Amino acid sequence: MKTKSHSNKKVNLITLGCSKNLVDSENIITQLRHGDWNAEHEQPDNAEVVIINTCGFIETAKQESVDTIIQFAQAKSNKEIKKLYVTGCLSQRYRQELANEIPEVDAWFGTLELPELLAKFDVDYKHELIGQRQTTTPKHFAYLKIAEGCSRTCAFCAIPMMRGSHVSRTIESLVEEAKNLASMGVKELMLISQELTYYGLDIYKKRVLADLIKALTEVDGIEWIRLHYTYPGRFPMDVLDVMAASAKVCNYLDIPLQHVSNRVLKNMKRHTKKKDVYEVIRAARERVPGIAIRTTFLVGFPGETEEDFEELLDFIREMKFERVGVFQYSHEEGTSAYFMEDDVPEEVKVSRANRLMEVQRSISEQKNAALVGETLKVLFDRKEGGYFVGRTEFDSPDVDNEVLVLADKNFVRIGDFAHVLITDATEFDLFGDVVPEHRT
Ligand code: SF4
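At position 194 of the sequence shown the residue is numbered 1541 (our numbering), and the sequence of numbers has no breaks.
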């Protein structure tokens, strides 16, 4: 496709899936803008070119990606757009099959084919732009992807197949990027990768996540650093010490545990046992008092019995995690679990997921009720439905609890911190009033 064949040079980029995909989209947008294209994120206004960055993680995510491609293929057939490109995990995984089924798509790209995608726009890939990423999130927070891929071998997971082995970025390049983000107004950095604790093993031959976090705390303007997606096996405990020592590192740990039954963990090839899981959670709570732990569980894995599931429920009741998410097992070809029988019926998977969240709902309700009367530091993200809506250091955007203050009673600026006296609580939200003298 030649640049001159386009009158408005507008590109609409659609992102599906997780925050890691969002960072990839932001990199695509940055490269295109430097190549003189007017690339926007999910802004359909008469863009002639659409890029869809897909997700191929589990069945529901794949279906959502396919539906979106079909929707835009239809738009192309109706001559509402001129070109349609598809990239990301789904495209990496099923390129040939999809190309046969959806011929309206002009070209398909894998997760490591950004230069090839840019070539369609007559834009040369510029490596130096990685550290100058233009974000699509609210100005005051950004995701910082510290590594690509994953070198673990969890039996249920298709990610390594789509994203390759773990490749860390250097501490220097990440600090440079953090400085750029801070200069654009970012106050909160969310560290992400498929699995943070592996960071450094490939390029420094040792785990250096704690060193990276320490270096990031030195960046002026960054006030909160949040850790997402850590692996419990051989967890680097020095990370907890950095968290306890620095007010800039949120007392928040996202540590997907998946399960707790030794039998299921073994079948999942998690290389952790129940005792290791207990050990890391206890260490986190001892070394970082008041820490909020977010975790995710996978129910309905092949061979999971009612007894295994009850064991998981008991564990959740005992550990009283601050935040919990749940996935139902999806039988993915190419994974090692695909060779096992997908023997937990769909309705049992659904019921287990619901039962698990029911237990968590009441834990969350009790924890939130205990916060009434406390004053918490809140970062405000947006105004919505008569409220200013923000988060505490114990909450990440999109997935965790929010703090709401009435807009006609309180004044805050979006992107600013303020202290809020909590006056009411529901299972997943807190309500309160700004304490004026505490505004920061
Ligand atoms: S650590 Fe996470 S991304 Fe890596 S294989 Fe396991 S589940 Fe997949």
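Each residue gets a CB set at the ideal place from its N, CA and C atoms; glycine is no exception.
Computed from a predicted structure; not experimentally measured.
For this session: Look at the Cβ atom of I1769, then the Cβ atom of L1726, and state whether they are nearer than 8 Å.
Result: As a working note, residue 1769 is residue 422 in the sequence shown. As a working note, residue 1726 is residue 379 in the sequence shown. Contact flag unset, no.
Exercise. Would you say Y1490 touches the ligand SF4, meaning its beta carbon is less than 7 Å from a heavy atom?
Worked result: In the sequence shown, counting from the first residue as 1, residue 1490 sits at position 143. Answer for Y1490: no, Cβ out of range of the ligand SF4.
Problem set entry | Where H1575 falls: helix, strand or coil (DSSP) | Residue 1575 sits at position 228 when you count from the first residue of the sequence shown. In this structure, H1575 counts as coil in the three-state DSSP scheme.
Problem set entry | E1542 Cβ short of 7 Å to the ligand SF4 heavy atom set | Taking the sequence shown and counting its residues from 1, the one referred to as residue 1542 is at position 195. With a threshold of 7 Å, the Cβ atom of E1542 counts as near the ligand SF4, since some heavy atom of the ligand is closer than that.
Problem set entry | Short Cβ contact (8 Å threshold) for F1644 with V1624 | To locate residue 1644, count along the sequence shown from 1; it is residue 297. To locate residue 1624, count along the sequence shown from 1; it is residue 277. Cβ distance not < 8 Å, so F1644 and V1624 don't count as in contact.
Exercise. Are A1446 and W1455 close, meaning C-beta to C-beta below 8 Å?
Worked result: Residue numbering aside, residue 1446 sits at position 99 when the sequence shown is read from its first letter. Residue numbering aside, residue 1455 sits at position 108 when the sequence shown is read from its first letter. It is a contact, given that the beta carbons lie within the stated cut-off.
Exercise. Going by the beta-carbon positions, is the gap between Q1541 and Y1490 smaller than 8 Å?
Worked result: Translated into positions along the sequence shown, residue 1541 becomes position 194. Translated into positions along the sequence shown, residue 1490 becomes position 143. The answer is no: Cβ separation not under 8 Å.
Problem set entry | Alpha-carbon spacing of A1420 relative to A1562, whole angstroms | Locating residue 1420 in the sequence shown gives position 73, counting from the first residue. Locating residue 1562 in the sequence shown gives position 215, counting from the first residue. When only Cα atoms are considered, A1420 and A1562 end up about 46 Å apart.
For this session: Put T1770 into one of helix, strand or coil per three-state DSSP.
Result: Within the sequence shown, numbered from 1, the residue matching residue 1770 stands at position 423. Here T1770 sits in strand by DSSP.
For this session: For T1407, count neighbouring C-beta atoms within 10 Å of its own C-beta (all shown protein chains included) and say buried if the count is 16 or more, exposed if not.
Result: Counting from 1 along the sequence shown, the entry for residue 1407 is found at position 60. T1407 should be labelled exposed.
For this session: For K1730, collect the residues of the same chain with a Cβ closer than 8 Å to its Cβ; drop the 5 residues on either side in sequence, then sort them by chain order.
Result: In the sequence shown, the residue the question calls residue 1730 occupies position 383. Cβ within range, chain order: V1736, A1754, I1761.
Exercise. Within 10 angstroms of its Cβ, does V1607 collect 16 or more other Cβ (buried), or is it exposed?
Worked result: If you number the sequence shown from 1, residue 1607 lands on position 260. Result: buried.
Problem set entry | C-alpha gap between K1351 and A1394, whole angstroms | Counting from one through the sequence shown, the residue named residue 1351 turns up at place 4. Counting from one through the sequence shown, the residue named residue 1394 turns up at place 47. In this predicted model, K1351 has a pLDDT of only 41, less than 50, meaning its place in the structure is not dependable enough to derive any value.
Exercise. Leaving out five residues before and five after E1451 in sequence, what residues of the same chain have Cβ atoms less than 7 Å from its Cβ?
Worked result: Start at 1 with the first residue of the sequence shown, and residue 1451 comes out as number 104. Excluding residues within five positions, the ones whose Cβ falls inside 7 Å are A1420, K1423, S1424, L1431.
Exercise. Rounded to the nearest angstrom, how far is the Cβ of G1532 from that of R1510, given a contact under 8 Å?
Worked result: Here the question's residue 1532 lines up with position 185 in the sequence shown. Here the question's residue 1510 lines up with position 163 in the sequence shown. Not a contact, Cβ separation roughly 30 Å.
Problem set entry | Host beta strand (DSSP E) of H1487 (start-end) | The residue labelled residue 1487 in the question sits at position 140 within the sequence shown. Per DSSP, H1487 belongs to no beta strand (DSSP E) and is neither H nor E.
For this session: Buried or exposed for L1459, please, with buried defined as at least 16 other CB atoms from any protein chain shown within 10 angstroms of its CB.
Result: In the sequence shown, counting from the first residue as 1, residue 1459 sits at position 112. Around the beta carbon of L1459, a 10 Å sphere encloses fewer than 16 other beta carbons of the protein chains shown; the residue is thus reported as exposed.
Exercise. Whose C-alpha, out of H1618, A1630, E1570, K1613, is nearest the C-alpha of V1596?
Worked result: What you label residue 1596 is simply residue 249 of the sequence shown in a count that begins at 1. Put simply, of H1618, A1630, E1570, K1613 the residue whose alpha carbon is nearest the alpha carbon of V1596 is E1570.
Exercise. For the ligand SF4, is there a heavy atom less than 7 Å away from the beta-carbon of R1499?
Worked result: As a working note, residue 1499 is residue 152 in the sequence shown. R1499 Cβ: within cutoff of the ligand SF4.
Exercise. Opposite G1737 in the DSSP bridges: which residues?
Worked result: Mapped onto the sequence shown, residue 1737 falls at position 390. The partner list for G1737 (beta bridge, DSSP) reads F1727, V1750.
Exercise. If you draw a straight line from the alpha carbon of K1356 to that of G1382, how long is it in whole angstroms?
Worked result: Taking the first residue of the sequence shown as position 1, residue 1356 is located at position 9. Taking the first residue of the sequence shown as position 1, residue 1382 is located at position 35. So the alpha carbons of these two residues sit roughly 10 Å apart.
Exercise. How long is the line joining the alpha carbons of S1711 and G1681, rounded to whole angstroms?
Worked result: Numbered from its first residue, the sequence shown carries residue 1711 at position 364. Numbered from its first residue, the sequence shown carries residue 1681 at position 334. In this structure, the CA atom of S1711 is about 37 Å from the CA atom of G1681.
Exercise. Sorted by chain position, which residues of the same chain lie with C-beta nearer than 6 Å to T1482's C-beta, five sequence neighbours on each side aside?
Worked result: Here the question's residue 1482 lines up with position 135 in the sequence shown. In the same chain as T1482, and ignoring 5 residues on each side of it, the C-beta atoms closer than 6 Å to its own belong to E1373, A1489, in chain order.
Problem set entry | Limits of the alpha helix (DSSP H) - the one that Q1439 falls within | Position 92 of the sequence shown, counting from 1, holds the residue named residue 1439. That run of the alpha helix (DSSP H) goes 1436-1448.
For this session: Run through the region 1495-1583 for me and flag every whole beta strand (DSSP E) of 3 or more residues, listed as ranges in chain order.
Result: Runs found: 1535-1539, 1571-1574.
Exercise. If you compare alpha carbons, which of I1550, N1748, D1742, G1720 is closest to V1781?
Worked result: Counting from one through the sequence shown, the residue named residue 1781 turns up at place 434. Per the Cα distances, G1720.
For this session: May I ask you to list the residues that DSSP assigns as paired with V1627?
Result: In the sequence shown, the residue the question calls residue 1627 occupies position 280. DSSP lists no partner for V1627.
For this session: Have a look at G1435 and H1388 and give me their C-alpha separation to the nearest angstrom.
Result: Mapped onto the sequence shown, residue 1435 falls at position 88. Mapped onto the sequence shown, residue 1388 falls at position 41. Taking the straight line from one Cα to the other gives about 15 Å.
Exercise. At a cut-off of 7 Å, is P1507 close to the ligand SF4 when judged by its beta-carbon and the heavy atoms of the ligand?
Worked result: Your numbering for residue 1507 matches position 160 in the sequence shown. Within the cutoff, so yes.
Exercise. Which two residues bound the contiguous beta strand (DSSP E) that contains N1598?
Worked result: Against the sequence shown, residue 1598 aligns to sequence position 251. Note, N1598: beta strand (DSSP E), 1596-1601.
For this session: Kindly indicate which three-state DSSP category K1620 falls into: helix, strand or coil?
Result: The residue given as residue 1620 occupies position 273 in the sequence shown. Residue state for K1620 is assigned as coil, using DSSP reduced to three classes.
Exercise. If you scan the region 1395-1424 from start to end, which runs of the alpha helix (DSSP H) of 4 or more residues do you find wholly inside it?
Worked result: For the region 1395-1424, whole alpha helix (DSSP H) runs of length 4 or above, ordered along the chain, are 1406-1424.
Problem set entry | CA-to-CA distance, F1758 to I1506, given in whole angstroms | One-based indexing of the sequence shown puts residue 1506 at position 159. One-based indexing of the sequence shown puts residue 1758 at position 411. Using only the alpha carbons, I get a separation of about 44 Å.
For this session: Taking all protein chains shown into account, decide if D1371 is buried (16 or more other Cβ within 10 angstroms of its Cβ) or exposed.
Result: In the sequence shown, residue 1371 corresponds to position 24, counting from 1. It is buried - the Cβ of D1371 has at least 16 other Cβ atoms within 10 Å.
For this session: Give the single residue among S1438, E1463, I1417 whose Cα lies nearest to the Cα of I1375.
Result: The count along the sequence shown starts at 1 and reaches residue 1375 at position 28. Closest by C-alpha distance to I1375, out of S1438, E1463, I1417, is E1463.
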